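Protein chains in written order, with the working numbering: chain U, 1 to 196; chain P, 197 to 406.
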Amino acid sequence: MAVGTIPLAASDEALLKQAAAGQREALEELFGRYRLVAYRVAHRLLGNEADALDAVQEAFVKALIHLPSFQGRSSFKTWMLRVVSNAALDLGRQRGRRELLSMDGIGQKSREEFEPVIQSDPARDLERQDLRMKLHEALNQLPAAQRQTFVLHAEAELSYREVAETLGISIGTVMSRLYYARQRLRVLLEPSVKPQ
Amino acid sequence: MIQPPDNDWNPDPELLSAYFDGELEGRDEVEDLRARIEAWLESQPDAAEKWAEHQQLQKLWQDTTPSVPSAVAWKQTLDRIDAERKQPIAKPAPRRSWRTAAVVAASVLVLIGLMSGAISYFKTPTPEPIVIAPQPEEIGMLVVALASEVTILRIDTEDLDGVIVGQRPVSAPLELADPGEVCVSCKCPRVVVRQDPPDRPMVWAIAAAD
Chain U
1 MAVGTIPLAA SDEALLKQAA AGQREALEEL FGRYRLVAYR VAHRLLGNEA
51 DALDAVQEAF VKALIHLPSF QGRSSFKTWM LRVVSNAALD LGRQRGRREL
101 LSMDGIGQKS REEFEPVIQS DPARDLERQD LRMKLHEALN QLPAAQRQTF
151 VLHAEAELSY REVAETLGIS IGTVMSRLYY ARQRLRVLLE PSVKPQ
Chain P
197 MIQPPDNDWN PDPELLSAYF DGELEGRDEV EDLRARIEAW LESQPDAAEK
247 WAEHQQLQKL WQDTTPSVPS AVAWKQTLDR IDAERKQPIA KPAPRRSWRT
297 AAVVAASVLV LIGLMSGAIS YFKTPTPEPI VIAPQPEEIG MLVVALASEV
347 TILRIDTEDL DGVIVGQRPV SAPLELADPG EVCVSCKCPR VVVRQDPPDR
397 PMVWAIAAAD
């Protein structure tokens, strides 16, 4: 990815300002730094690549447009993850409603929607897709707040303190949400998470 | 100072989960707490199983890591971000004052009233068509309480788009919130609200005695 005149060690805040002012190179650098973690969080919350990329796009646009609301109070990463996870939850709700309202959307999501993976071992790939689908369905049964907290901790690898800062809640609330999320996931995924 | 293990002490399950996550740091007397949890775990026959369950869920999570989009997909996303941020933000239309709106609404009502009066004066009255509203049974819905009998106590979400109260706009299912975001309470004595588990409220009516 081209970095142009952007120094490699430029801070996120500096890049954000430059990107908001219209510098494409700054946007590319910032996007390159956070696209993957933002995408993975969105994917866990939405279950497929296309929707996850839409959420990432929406989050970056929001970040650039609403720059004054950032003000450097938290790190750009935690702010971005808050915006992308909220965008993903909103998108999930909107699409969920549309599916419910549409006669075609009443059925279960097909396995293909959980993205086809082309790799060397088809049996292993199928097994992984199956697991991914089960995990996504189980995650969808958690309340939104628990789901968001769990995904930020497990996928973005944020510490309890960082999750608390990202969501504006106490560490005790993070601890409690994670505990109940795990309990519920274990019940829902019992055969897959039973210790051998 | 590390306290000797207390036989009656049990770690809170949330605390145990935090210990498994390596998240005890930042708490008071973290070393003491860690030692107590470890001593408790050693005394528990099923401790290894608890740890294994924790690990198993982590492993499942790692095994299902989403695959990375192609370079083309990343480029398209970046281009869309670049294009979208260049679009001018639409300014909200200036709000009319309440007084102006009230005057306009009153004028429209007076005009409609005058026109309908004039029409009915010159025309013989005809019976109005009867409109039959779809009954709840027709759209597969069982009404267990009237809207006036139900109070929404709490909606736990900051980013909910809106809540519709009253007639449903469509006959298909409409999800407004996740079950865990809704807390249901009812004033009607013949309607029972059960919340078991607490994040899944269920409402049903008791049949009226003959």
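For glycine and all other residues, C-beta sits at the position ideal for the given N, C-alpha and C. Here the structure is a predicted model, which is why all the values come from computation and not from measurement.
If you compare alpha carbons, which of the options is closest to residue i?
i      : options                        : result
L167/U : I65/U, Q57/U, D54/U, V83/U     : V83/U
L178/U : S192/U, G32/U, E58/U, Q146/U   : Q146/U
Q57/U  : I171/U, M80/U, E25/U           : M80/U
D275/P : T149/U, R182/U, G22/U          : G22/U
P68/U  : A38/U, A87/U, A20/U, R161/U    : A20/U
Y160/U : I277/P, T260/P, F216/P         : F216/P
A181/U : R44/U, E162/U, F150/U, E155/U  : F150/U
A59/U  : R24/U, A42/U, L142/U           : A42/U
L135/U : L46/U, E25/U, S74/U            : L46/U
V264/P : R44/U, S85/U, N86/U            : R44/U
R124/U : Q272/P, L237/P, T260/P, E225/P : T260/P
L53/U  : M311/P, Q240/P, K271/P, L305/P : K271/P
I169/U : R186/U, Q148/U, L185/U, L142/U : Q148/U
A26/U  : E234/P, D278/P, A269/P         : D278/P
L185/U : G172/U, I171/U, L142/U         : L142/U
Measuring straight from C-alpha to C-alpha, what distance separates residue i and residue j?
i      : j      : result
L212/P : Q258/P : 22 Å
K17/U  : F70/U  : 11 Å
P207/P : E227/P : 14 Å
H153/U : K282/P : 33 Å
P191/U : N140/U : 18 Å
G32/U  : A267/P : 11 Å
L189/U : A10/U  : 44 Å
P262/P : D242/P : 33 Å
I106/U : A63/U  : Reliability of the predicted coordinates at I106/U is poor, the pLDDT of 37 falling under 50, and the value obtained from them is presented with this limitation in mind. Taking the straight line from one Cα to the other gives about 34 Å.
E137/U : L131/U : 10 Å
R35/U  : L158/U : 16 Å
R95/U  : E245/P : 39 Å
A50/U  : G92/U  : 12 Å
R230/P : T78/U  : 28 Å
Q183/U : A38/U  : 26 Å
I65/U  : L89/U  : 20 Å
F76/U  : D204/P : 45 Å
E165/U : V174/U : 10 Å
E198/U : E13/U  : Past the boundaries of the shown model lies residue 198/U; chain U is included only from 1 to 196, so the question cannot be answered.
L220/P : A214/P : 6 Å
P116/U : Q129/U : Low local confidence applies: a pLDDT of 49 at P116/U is under 50, so the model's placement there is unreliable, and no value is given.
L30/U  : V61/U  : 12 Å
S176/U : E210/P : 6 Å
A55/U  : N86/U  : 9 Å
E155/U : V163/U : 11 Å
Q408/P : N48/U  : As shown, chain P starts at 197 and ends at 406. That puts residue 408/P outside it, with no answer to give.
K287/P : S74/U  : Caution is warranted here: a pLDDT of 48 is assigned to K287/P, below 50, making its placement in the model unreliable, and no coordinate value can be reported.
Going along chain U, which residues have a C-beta under 7 Å from residue i?
i      : result
E210/P : M175, S176, Y179
W257/P : A154
E219/P : S159, Y160
I308/P : Under the 7 Å cutoff, chain U gives no residues; its nearest Cβ is about 34 Å from I308/P.
Taking C-beta pairs closer than 9 Å, name the residues in chain P that residue i reaches, listed in chain order.
i     : result
E49/U : P262, S263, P265, A269
In chain P, what lies closer than 8 Å to residue i by C-beta?
i      : result
L185/U : L253
L36/U  : V264
L189/U : L253, L256
R40/U  : T261, P262
The ligand COA heavy atoms versus the CB of residue i: any closer than 7 Å?
i      : result
D208/P : The ligand COA is absent from the structure shown, which contains no ligands of any kind.
Can you pull the chain P residues whose beta carbon is under 7 Å from the beta carbon of residue i, in chain order?
i      : result
E28/U  : L274
R182/U : S213, L253
L53/U  : P265, A269, T273
R24/U  : D278
What residues from chain U crowd round residue i, counting only those whose CB sits closer than 8 Å?
i      : result
E225/P : Ordered by position in chain U, no residue passes the 8 Å Cβ test against E225/P, which lies about 16 Å from the chain.
E280/P : Q57, V61
I277/P : L27, F31, Q57, F60, V61, L64
Could you run through the segment 57-72 of chain U and flag, in chain order, every residue whose CB is less than 8 Å away from some CB of chain P?
Listed by position, the residues of the segment 57-72 of chain U near chain P (Cβ gap below 8 Å) are Q57, F60, V61, L64, I65.
Entirely enclosed alpha helix (DSSP H) segments - the segment 115-162 of chain U, minimum 4 residues:
With a minimum length of 4 residues, the continuous alpha helix (DSSP H) runs that stay inside the segment 115-162 of chain U are 122-140, 144-154.
For the segment 128-151 of chain U, which residues have a beta carbon sitting closer than 8 Å to at least one beta carbon of chain P?
From the segment 128-151 of chain U, only R128, L131, R132, L135, L142, P143, A144, A145, Q146 have a Cβ closer than 8 Å to chain P.
Given a limit of 9 Å on CB to CB distance, which residues of the segment 79-95 of chain U reach chain P?
Residues of the segment 79-95 of chain U whose Cβ lies closer than 9 Å to any Cβ of chain P, in chain order: N86, L89, D90, R93, Q94.
What runs of the alpha helix (DSSP H), each 4 residues or longer, lie entirely inside the segment 199-250 of chain P?
The qualifying runs are 209-216, 226-239.
Completely contained alpha helix (DSSP H) runs for the segment 8-63 of chain U, where each covers 4 or more residues
Runs of the alpha helix (DSSP H) lying entirely within the segment 8-63 of chain U, each at least 4 residues long, are 12-20, 24-46 in chain order.
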